[in-house]
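Taking this note's numbering, the leading residue of the sequence shown gets 31, the next gets one more, and so forth.
Quick reminder that beta carbons are idealized off the backbone N, C-alpha and C, glycines included.
What follows is one structure encoded as C-alpha cells, with my remarks underneath.
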Amino acid sequence: PNIHFAQAVGESLPFKGESFGCVSLSLVFRHLQDKGAFLKEARRVLVEGGRLGLIDVGRFRGTGAVVLLMKTVLRVPGVLIFGRHKWDFFIHSVEESYTVEEVKDMLEREGFKVYEVRKKLMGMVFLLVATKSA
C-alpha cells in the first residue's frame, strides 16, 4: 500500500489537489482553529469519491456535568495522576467537543456525503466516514 504520514497545519495542507484516496484524523478535529478551512483542504486533496475518516471525542448529554466534576471533585486526583498541564488539556478537550450531529452538518456543508456514523461509550467517542461528492 502507498501510505503517507505527514505532520502539517490542517487548514493549509502541503499537497497538490486530488492527491489522496483517504484522509483520516483521530482525536484532532475539535482542536482545529478553523474547522471549515480544514474541511475545504481535505476536500481539495481528496480524489473524487475519496474518503474522510474522523474519530473524535463527542459532546453528549452529560458533558457539562463531567466538566464540572473534572474542575472540582476530580481535579486533585486528576492533577496528581496526570499532572496539571495534561489534566487542564483534558478538561479543555472535553469542553471543546462537538456533538456527532454538529460535525456531520459541518462535513455536509463542505461538500462531503456522510455514509457511516458510529457512537461509542454512550456518545463520548464517535466515528464519521464520508466521501467527497461532486
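Beta-bridge partners of residue i, as assigned by DSSP
i      : result
Gly88  : Tyr128
Phe156 : Asp86, Lys149
Leu76  : Phe50
Val144 : Ala160
Ser56  : Ile85
Nearest-angstrom Cα separation, counted from residue j out to residue i
i      : j      : result
Leu84  : Val103 : 32 Å
Glu125 : Thr93  : 8 Å
Gly141 : Asn32  : 26 Å
Glu146 : Trp117 : 32 Å
Gly9   : Val155 : Residue 9 is absent from the structure shown; the chain starts at 31 and stops at 164.
Val109 : Glu131 : 32 Å
Val96  : Lys149 : 18 Å
Leu157 : Val144 : 11 Å
Arg192 : His122 : Because the chain spans 31 through 164 in this model, residue 192 falls outside it and cannot be assessed.
Leu98  : Val106 : 13 Å
From the options, residue whose alpha carbon lies closest to that of residue i
i      : options                        : result
Tyr128 : Arg89, Val97, Arg148, Lys149   : Arg89
Ser49  : Gly153, Gly80, Val96           : Gly80
Val159 : Arg91, Asp118, Cys52           : Cys52
Gly153 : Leu137, Val133, Val106, Gln37  : Val133
Asp64  : Met136, Ser163, Lys162, Thr161 : Met136
Cβ-heavy atom distance, residue i to the ligand GTP, below 7 Å
i     : result
Leu84 : Although the ligand GTP was asked about, the structure shown includes no ligands whatsoever.
Nonlocal neighbours in the same chain, by C-beta distance under 6 Å from residue i, ignoring five residues either side
i     : result
Gly40 : Leu62, Phe68
Ala38 : Pro44
Phe59 : Leu84, Asp86
Close beta carbons around residue i, own chain, < 7 Å, minus the five adjacent residues each side
i      : result
Leu43  : Glu71, Val75
Ser54  : Gly83
Leu151 : none
Ser56  : Ile85
Glu138 : Val144
Element boundaries [alpha helix (DSSP H), containing residue i]
i      : result
Glu48  : Segment: none, Glu48 is in no alpha helix (DSSP H) and carries neither H nor E.
Arg105 : 105-112
Thr93  : 93-101
Cut-off 8 Å between Cβ atoms - residues of its own chain near residue i, not counting five sequence neighbours on either side
i      : result
Phe112 : Phe120
Lys46  : Val75
Glu78  : Glu48, Lys162, Ala164
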